[in-house]
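Take a look at the structure set out below.
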Amino acid sequence: MPMLSRRHFTALTLAIAALPAAAQQLPAGPITLVVGWPAGGPSDNVARLTAQRMAEALGQSIVIDNKGGAGGNIGSDAVSRARADGSTIMLATATSHGLNSALYAKLNHDPVKDFAPVGMITTSPSVMLVPTDSPFRSVADVLKAAKADPGKLNYGSGGVGSSQHLAGASFKRIAGVDIAHIPFKGTAPAMTDLMAGRVDFVLTTGAMSFIRSGKLRPLAVAARQRLPALPDVPTFDEAGVKGFYTDSWYGLVAPAGTPRPALDKLNAALATALRNPDVQKQFLDQGSLPVKPMGVDEFWKFVVDQMPAAAEQVRISGAKAE
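Going by numbering that gives the first Met the number 0, the first residue of the sequence shown is number 0, and it counts up by one from there.
Written as structure tokens, this is what we have:
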């Protein structure tokens, strides 16, 4: 057996020492998950539930960093400039990677070129909510009142160009009714005024706590099938507004240039999290629909393919954000 020279032995030792690091595919230490919305909202809830189970699968902690503001753009800007090594990821949504490109005349980032895909998490159909003491017991009641006095009824939203605004605009168009839009500075004040009866209805996601507490009443869900969390609430198809489907989707992205092995490892951890029965139950309880885990490329195709429809939704609404 030939003897190794000191130089070759040193090189071999260094190569062997590097193997565990290469196998890790992610930097050591905590991973930062940026959420472009404040703590406590639907997006934050999805992120925290996902992060907890992903961290268990990865064997390293994931820290939530809420960077709210500008419709999620502050968070997107930060992540687009972050180190592309797998140590930073972001909660992507139908707003950050769909609506904002059409809503804003100028963005400081490109939602496709400046990001890399990790995977899909879940989708959440919108629900039409009215105050508990509202005279409207069904979507038919809302339509009857809207047609009897065009422009008198109103719906609230988290702001111009928000998902609630666009859902309401789409509902008006499909139903053929004139209903006034009242934008608020965030979803929370819109829900507060809805519960107080100062707004007739809101179309939104992530409102199961209001429904379960009896503070708001659901009339219909904008999905193709009833929600497991709301089995007695009809779809809009069943309620007579055919073809009205609107939901929010949630996924994970990383800065562009993140190595494929890092993306694949994050994707595998996400898939493990999504297969967890407790995670699936919690998503269902929140009014979300668990999705079959998507690979990195499949998820990115979904993101790119849904952008034209998102832009059309914005165009129809006439919404523009500064």
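Beta carbons are placed, not taken as given, at the ideal position from N, Cα and C, and that holds for glycine.
Put simply, the region 117-124 does not touch the region 148-166. Fewer than three CB pairs are less than 8 Å apart. Taking each of V111, A115, G74 and L269 in turn and checking the Cα distance to A83, the smallest one comes out for A115. In this structure, Y244 is the residue among Y244, N72 and G40 with its C-alpha nearest to the C-alpha of S169. Linking S212 to A56 through their CA atoms gives a straight-line distance of about 34 Å.
Rounded to whole angstroms, the gap between the alpha carbons of K264 and P258 is 10 Å. Comparing C-alpha distances from V201 to each of T49, P37 and S133 shows the shortest one belongs to S133.
The secondary-structure analysis by DSSP pairs N153 across a beta bridge with A179. Under the DSSP definition of a beta bridge, Y103 partners with A320. For D43, the enclosing alpha helix (DSSP H) begins and ends at P41 to L57.
Spatial neighbours of P41 in its own chain (CB-CB distance under 6 Å, excluding positions within 5 residues in sequence) are listed in chain order as T204 and G205. The Cβ atoms of A50 and L25 lie no closer than 8 Å to each other.
In the DSSP annotation of this structure, the continuous segment of the beta strand (DSSP E) that includes M119 starts and ends at F114 to P124. DSSP places P258 outside both helix and strand once states are collapsed to three, so it counts as coil.
Contact between V232 and A219 is confirmed by a C-beta separation of about 6 Å, below the 8 Å threshold. Under the 8 Å Cβ criterion, the region 267-274 does not count as touching the region 91-107, having fewer than three qualifying pairs. Annotated as distal: V278 and R80, with beta-carbon spacing of 8 Å or more. Ranking P124, V129 and L215 by CA distance to the CA of P289 puts P124 first. Secondary structure at F135: coil, using DSSP grouped into helix, strand and coil. Membership of P292 in any beta strand (DSSP E) is not indicated, and neither H nor E is assigned to it by DSSP.
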